[in-house]
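Some notes on the structure that comes next.
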Amino acid sequence: MKGFTLWLTGLSGSGKSTLAREVEAALLERGCRVEVLDGDEVRQNLSAGLGFSRADRDTNIRRIGYVCRLLSRNGVVAIAAAISPYREARAANRAAIGRYVEVHCDCDLETLKARDPKGLYARAAQGEIANFTGISDPYEPPEHPEVVVHTGREDVETCVRRILRTLERLGLVPGVDAEGYRPEEEAEIARRLEDLGYL
Amino acid sequence: MPMKVLILGLDGVPRGLLERLARAGVMPSFARLIGEGTLHDLRASIPEISSVSWTSFMTGANPGIHGVFGFTDLVPGTMRIRFPRFSDLEVPTFWDRLGRQGLRSVVLNQPSTYPVRPIPGALVAGFVALDLDRAVYPARHLARLEAMRYRVDVDSRRAQSDRTHLLEELEATLAAREAAVDYFWTEERWDVLELVITGTDRLQHFLWDALEAAEHPLHERVLAYYRAVDGLAGRLVERFRAEHPAGRFFALSDHGFTRVRQEVRLNAWLEAEGYLAFQGEERGALSALAPSTRVFALDPGRLYLRPASEALRTELIERLTALGFGGEPVVRAVHRREAIYHGPLAERGPDLVVQAHDGFDLKGTLKADSVFAAPATMSGMHNSEAFLLADHRVGDNLDIAEVAGHIEALFP
Ligand SMILES: Nc1ncnc2c1ncn2[C@@H]1O[C@H](COP(=O)(O)OP(=O)(O)OP(=O)(O)O)[C@@H](O)[C@H]1O
Ligand SMILES: [Mg+2]
Chain A
359 MKGFTLWLTG
369 LSGSGKSTLA
379 REVEAALLER
389 GCRVEVLDGD
399 EVRQNLSAGL
409 GFSRADRDTN
419 IRRIGYVCRL
429 LSRNGVVAIA
439 AAISPYREAR
449 AANRAAIGRY
459 VEVHCDCDLE
469 TLKARDPKGL
479 YARAAQGEIA
489 NFTGISDPYE
499 PPEHPEVVVH
509 TGREDVETCV
519 RRILRTLERL
529 GLVPGVDAEG
539 YRPEEEAEIA
549 RRLEDLGYL
Chain B
513 MPMKVLILGL
523 DGVPRGLLER
533 LARAGVMPSF
543 ARLIGEGTLH
553 DLRASIPEIS
563 SVSWTSFMTG
573 ANPGIHGVFG
583 FTDLVPGTMR
593 IRFPRFSDLE
603 VPTFWDRLGR
613 QGLRSVVLNQ
623 PSTYPVRPIP
633 GALVAGFVAL
643 DLDRAVYPAR
653 HLARLEAMRY
663 RVDVDSRRAQ
673 SDRTHLLEEL
683 EATLAAREAA
693 VDYFWTEERW
703 DVLELVITGT
713 DRLQHFLWDA
723 LEAAEHPLHE
733 RVLAYYRAVD
743 GLAGRLVERF
753 RAEHPAGRFF
763 ALSDHGFTRV
773 RQEVRLNAWL
783 EAEGYLAFQG
793 EERGALSALA
803 PSTRVFALDP
813 GRLYLRPASE
823 ALRTELIERL
833 TALGFGGEPV
843 VRAVHRREAI
853 YHGPLAERGP
863 DLVVQAHDGF
873 DLKGTLKADS
883 VFAAPATMSG
893 MHNSEAFLLA
903 DHRVGDNLDI
913 AEVAGHIEAL
923 FP
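Chains as they are written, first to last, in this note's numbering: chain A, 359 to 557; chain B, 513 to 924.
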């Protein structure tokens with residue numbers, strides 16, 4: 359199977375890491391080789407020392423994109439979960455990687471502030487964090503993402519399913535039963551239902 | 513102490529039968545559980561068939577939300593039917609929802625979960641699962657299940673002519689299910705463990721007469737099956753209470769059962785009354801219907817109007833309500849879609865749903881040309897009278913779609 363990159367972009371707390379792990383589990387189950395590059399983790403090693411200026415953010419995204427490209431061309435599904443606020447940096451990755459699927463994790467600020475799993479929004483509101491995306495730093499939403507998930511009003515399963523369906527539709531991962539039952543299976547189901555008087 | 517929940521599904525067992533067998537000493541474990549806990553009436557879904565009712569149970573939602581209206585569903589905007597799949601569900605199950613809190617469910621022989629998809633935990637699909645290798649998640653359990661000769665279902669075709677063979681298969685299948693529960697009990701980490709026994713439904717379809725009549729040659733053998741089910745339930749509950757003294761236990765059925773006296777073939781009635789016509793000699797499929805057809809039925813009592821019209825609905829409700837057999841009324845209720853289905857997918861449902869009085873088994877077959885017929889091979893039919901048994905009082909006037917919410921509420 360060919361590799362590709364699934365790129366999750368969105369504000370902090372919008373669900374990128376959560377969905378990355380869920381999609382990873384689903385793809386492993388289908389026999390794919392998968393690697394998740396999570397922004398938090400990357401900033402502790404590959405991008406250690408980088409800050410949150412536009413230049414540093416772009417460098418971070420370029421580095422993640424570079425690793426995704428290497429993985430993708432070696433048959434691995436690379437899943438990136440990083441805020442990646444700038445359109446230009448994302449577009450450069452898309453162009454370099456080729457088989458690239460962008461997921462916009464869209465969530466309203468109200469919900470994000472209420473969730474605030476890392477307490478970052480509270481600290482940003484206190485002015486403790488400068489350059490906080492969505493509050494004091496820009497976020498440029500994707501214009502043509504392959505998938506939009508509304509994590510503020512859709513549950514995790516719904517979002518995961520939409521992502522998987524899109525990957526199936528794009529022919530990037532095998533469908534579990536994307537086209538429904540095979541004709542001989544339909545015939546067998548019909549027979550069993552008939553035997554119980556349901557047809 | 514962490515909350516744990518044990519759920520035992522008894523497919524098709526009506527409340528009245530459970531009480532009767534408990535009282536008669538056939539099901540002593542259930543007698544004790546009923547005495548210690550609360551036995552509730554539980555309303556099955558409409559229609560009262562397993563695919564709809566179990567899906568309502570596992571999603572905690574109405575068909576207008578989960579989108580399953582029968583064993584077959586009409587492809588919207590067409591005259592084609594399809595068999596719903598687990599992946600069609602547009603909403604999560606309660607196992608998925610509990611998974612968000614890090615809780616895991618082990619679910620065995622749950623009807624209408626084929627082909628399996630991952631859930632937080634483990635899932636072995638029940639009817640209408642075909643291949644075990646698409647019925648087991650995670651797949652690593654497959655080899656063990658095969659080794660214990662685990663089977664999804666009995667051979668219902670052979671059951672039509674060979675009741676003894678049916679009973680042998682039911683017994684073997686039940687034993688394999690118990691082996692599977694024992695295996696998963698320790699092999700998987702779980703917070704909710706659910707087992708559905710579907711053999712009760714199969715037995716009741718084919719052997720309701722033997723269950724009711726003491727003089728039936730298979731009566732004792734049939735009771736022995738319920739005794740075996742009761743023994744399994746007793747062992748599970750005992751182990752559960754020993755290991756999880758603060759845990760909660762539930763048993764439930766997805767619909768009830770009663771004796772069938774007459775099959776009522778709604779399409780034959782519609783044809784006789786001029787609502788439905790075939791193009792030519794050929795019968796049996798929706799594709800054989802003439803364009804002049806205004807109403808057709810899918811099993812058991814789902815009526816679809818082409819085009820939908822309120823005047824026609826009113827007319828059908830009046831005429832069906834008046835339908836009689838041997839001086840007895842046949843139809844208990846005719847529901848308008850919007851009265852029973854709520855949610856974004858309600859529009860996909862039938863325009864009307866007919867429910868019959870006990871004894872009259874509504875059929876959606878397109879092959880029959882007479883409206884009434886004595887049942888050919890089956891002596892039992894479904895009704896709405898399911899049960900919920902719990903070790904605590906759950907509520908009044910319960911619908912099967914409400915059970916999941918109660919279970920979820922046990923996990924704060
Ligand atoms: N539909 C959904 N999709 C994803 N997460 C959801 C959804 N609904 C609720 N959540 C919750 O929202 C939170 C999202 O947090 P998560 O760490 O995944 O965000 P993130 O985008 O990775 O944030 P960050 O950029 O700070 O790493 C989790 O607590 C998750 O359970
Ligand atoms: Mg994250």
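Glycine residues also receive a C-beta, built at the ideal position from the N, C-alpha and C atoms.
All values reported here derive from a predicted model rather than from experimental measurement.
Contact check between the region 531-543 of chain B and the region 734-742 of chain B: three or more CB pairs, one atom from each, fall below 8 Å, which counts as touching.
DSSP places A:N403 in the coil class of the three-state scheme, outside both helix and strand.
Any heavy atom of ligand 2 within less than 7 Å of a residue's beta carbon puts that residue on the list, which reads A:K374, A:S375, A:D396, A:G397, A:D398, A:A439. Annotation for A:S405 indicates a beta carbon at 8 Å or more from all heavy atoms of ligand 1. For A:T516, the nearest CB of chain B lies under 9 Å from its own CB, placing it at the interface with that chain. Taking each of A:R415, A:D416, A:S372 in turn and checking the Cα distance to A:A472, the smallest one comes out for A:S372. In this structure A:K374 is buried. Its beta-carbon is surrounded by 16 or more other beta-carbon atoms within 10 angstroms. A:A449 and A:R415 have their C-alpha atoms some 14 Å from each other. At a cut-off of 8 Å, the beta-carbon of A:P475 counts as near ligand 1: some heavy atom of the ligand is closer than that. Bridge partners of B:I519 according to DSSP: B:E706, B:F762. Under the three-state reduction of DSSP output, B:G633 falls in the strand class. Put simply, the backbone Cα of B:G876 is about 11 Å away from that of B:L798. Ligand 1 has a heavy atom closer than 8 Å to the beta-carbon of A:E512. Boundaries cannot be given for A:C465, as no beta strand (DSSP E) includes it and DSSP labels it neither H nor E.
Of the candidates B:T712, B:G711, B:D713, B:V734, the residue whose Cα lies closest to the Cα of B:A722 is B:V734.
Inter-residue distance for B:P627 and B:Y738 is about 29 Å (C-alpha atoms, whole angstroms). Assignment of beta-bridge partners to A:W365 by DSSP yields A:A438, A:E460. Contact between B:P575 and B:S568 is confirmed by a C-beta separation of about 7 Å, below the 8 Å threshold. Per DSSP, the continuous alpha helix (DSSP H) segment holding A:K374 begins and ends at 374-387.
With contacts defined as CB atoms closer than 9 Å, A:G407 and A:M359 fail to qualify as a contacting pair. Relative to ligand 1, the beta carbon of A:T509 is positioned inside 8 Å of a heavy atom.
Collapsing the DSSP output to three states places A:R550 in a helix.
At a cut-off of 9 Å, the C-beta of A:D474 has no neighbouring C-beta in chain B. If you look at A:L408, you'll find it isn't in any alpha helix (DSSP H); DSSP assigns it neither H nor E. The criterion of a C-beta distance shorter than 9 Å is not satisfied by B:L719 and B:S562.
Around the Cβ of B:Q622, a 10 Å sphere holds 16 or more other Cβ atoms; the residue is buried. Counting other Cβ atoms within 10 Å of its Cβ, B:K516 reaches 16 or more and is therefore classed as buried.
Proximity of chain A to B:S668 at the Cβ level (cut-off 7 Å) is accounted for by R550, D553, L554, in chain order. Per the coordinates, the alpha-carbon of B:S804 lies some 8 Å from the alpha-carbon of B:Y787. The Cβ-Cβ distance between B:G638 and B:V525 does not fall below 9 Å. Remark: the shortest separation between the CB of A:L377 and any heavy atom of ligand 1 falls under 8 Å. DSSP places A:R523 in the helix class (H, G or I) of the three-state scheme. Contact annotation: B:G549 and B:D903 have beta-carbon atoms nearer than 9 Å. Residue contact check for A:E387 against chain B: a CB pair falls below 9 Å.
Under the DSSP assignment, B:Q774 falls in the beta strand (DSSP E) whose first and last residues are 774-777. Between the beta-carbon of B:F595 and that of A:Y539 there is about 6 Å, and that keeps the pair under the 8 Å contact cut.
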